[in-house]
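Here's the structure we're looking at; comments come further down.
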Amino acid sequence: MWPSHEHHVRRPNWTELLFDLIFAAAISQLSMPLEADFSLPGIVRYTFLLVLVFLAWFGYTAFSTQYAIDDVVQRALTIGQVFLVAVMAANATSGLSSKEAAGFGAAYGGVRAILALQYIRVRKLGDCRSFVSRRLAGLISAALIWASSALLPAPQRYAGWAVALLIDIGNSWPPARSTTAFPPGATHFPERFGLLTTILLGEFIASVMRGIETQMGWSFLAASAAVLSLGLGFAIWSCYSDGASAWETRHVRSRRDVARLRMWIALHFALFVGIGLLGVAVRRAIALPPGAHFSTAEQWITCLATAGIICVIMGFAATSERHSMSRSRRVWVWQFAIVVLALSLAPLTPQIIATVLLFILFLCFLGQTALLIANNQPSPVTGGADPGSVSPTAATRPYHY
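In this text, residue positions in the sequence shown follow this note's numbering: the first is 50, and each later residue adds one.
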């Protein structure tokens, strides 16, 4: 076992990819009740459960990017986490007051307990003993509260969940000094987030396909809605990768870098919420009769989700070294104009059919991608290369600690 130095270029392995796929399947399971209750209460429930799934994934990702461990015990603990995530997904279809929701919280507590066991294995590393001790205290406390809350009735259960969630969120953001002393892998960490984003966009496309299956007949408008929905998924990915450079290497050497990293992580969660909401919206749009309109609530949710994703991608660009070097303010003004355009479509439910709405939203993402690509400047130090990249020789040279 050894701490993974940020300059040691380590790529996600097959175990981590499998882990990401399992979590993407769990997130997809969360969206099933949202399709039946596509309203504000349904969104609140979806967001709360997604917070727990995201924290479970993030906890393992933060550990694996700092400690390069791939032995039999580690894989056994990973399999245990995967099983509990499957239990979470199986209990994600009922209301928060149900026994299934209690089982969801208890399973999440089990995930935190296994993560605590993983940290116990590295507690003897002298350089990071205090950091690991703080992590362990938070993980064990939260795991106990999550498990015990499952035995409480609904009103009291919510109070236990609130306390445990606050502990988990606070424990997931270590002090800036600890983050700079033990930074996540500069290449490995962004790639893990990029992989999960890619897989979730794949689930977005799968949602479009399920919507296509509900169509009994194909008119021009129905086919256009399906094609535009597919285009929205690809346009979001292009905004994320080509436009905002959200995948780029991220070094953490100062408090400012820590603040940018935390913002970047929080923006990913907001992006996942937006992708989930928009995925349900486009499936409903495809299932509508040709020339039909969204309901007022559905149109507001669709436009707000689109505007939210655009704002999130603007945030990614703001934390990127490739965009922060540019002084062009017109790019940001035009992006805010796109956000205003997306929001202005929300009250126009009787005047605009669902297919036309999807077309305008698709153009919004294309416009933002073009603006960000035009504003994307290469690093003056590396001459356009990724700021964290190294030569193939350096990448394969073993690291000693």
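From the three backbone atoms N, C-alpha and C, an ideal C-beta is built for every residue, glycine too.
- W296 and P239 do touch by the CB rule: their CB atoms are close to 5 Å apart, below 8 Å.
- Exclusion of the five residues before and after N140 leaves E149, G152 and F153 as the residues of its chain whose Cβ lies within less than 6 Å of its Cβ.
- Taking 8 Å as the cut-off, the Cβ atoms of L164 and Y109 count as close.
- The beta carbons of V257 and T96 sit no closer together than 8 Å.
- Linking S227 to V307 through their CA atoms gives a straight-line distance of about 10 Å.
- Taking a cut-off of 8 Å for Cβ pairs, the stretch 395-409 and the stretch 341-356 touch, as three or more such pairs fall below it.
- W222 is classed as exposed because its beta carbon has fewer than 16 other beta carbons within 10 Å across all chains shown.
- Between the stretch 127-137 and the stretch 66-76 there are three or more C-beta pairs closer than 8 Å, enough to call the two in contact.
- Within the stretch 257-303, the complete alpha helix (DSSP H) segments at least 4 residues long are 269-287, listed from N- to C-terminus.
- Residue burial annotation: S147 is exposed, with fewer than 16 other C-beta atoms found within 10 angstroms of its C-beta.
- Burial is judged here by how many other beta carbons sit within 10 angstroms of a residue's own beta carbon; E65 has at least 16 and is buried.
- Using a Cβ distance threshold of 8 Å, A199 and A255 do not count as a contacting pair.
- Between the C-alpha atoms of A117 and C177 there is a straight-line separation of about 14 Å.
- Excluding sequence positions up to five before and after I216, its CB lies within less than 8 Å of the CB of G187, S190, A191 and I194, all in the same chain and listed in chain order.
- Counting the other Cβ atoms within 10 Å of the Cβ of I402 gives 16 or more, which makes it buried.
- Judged by their CB atoms, A391 and I359 are nearer to each other than the 8 Å cut-off.
- Under the DSSP assignment, V122 falls in the alpha helix (DSSP H) whose first and last residues are V121 to A139.
- Contact between the stretch 376-388 and the stretch 314-329 is absent: fewer than three C-beta pairs spanning the two stretches fall below 8 Å.
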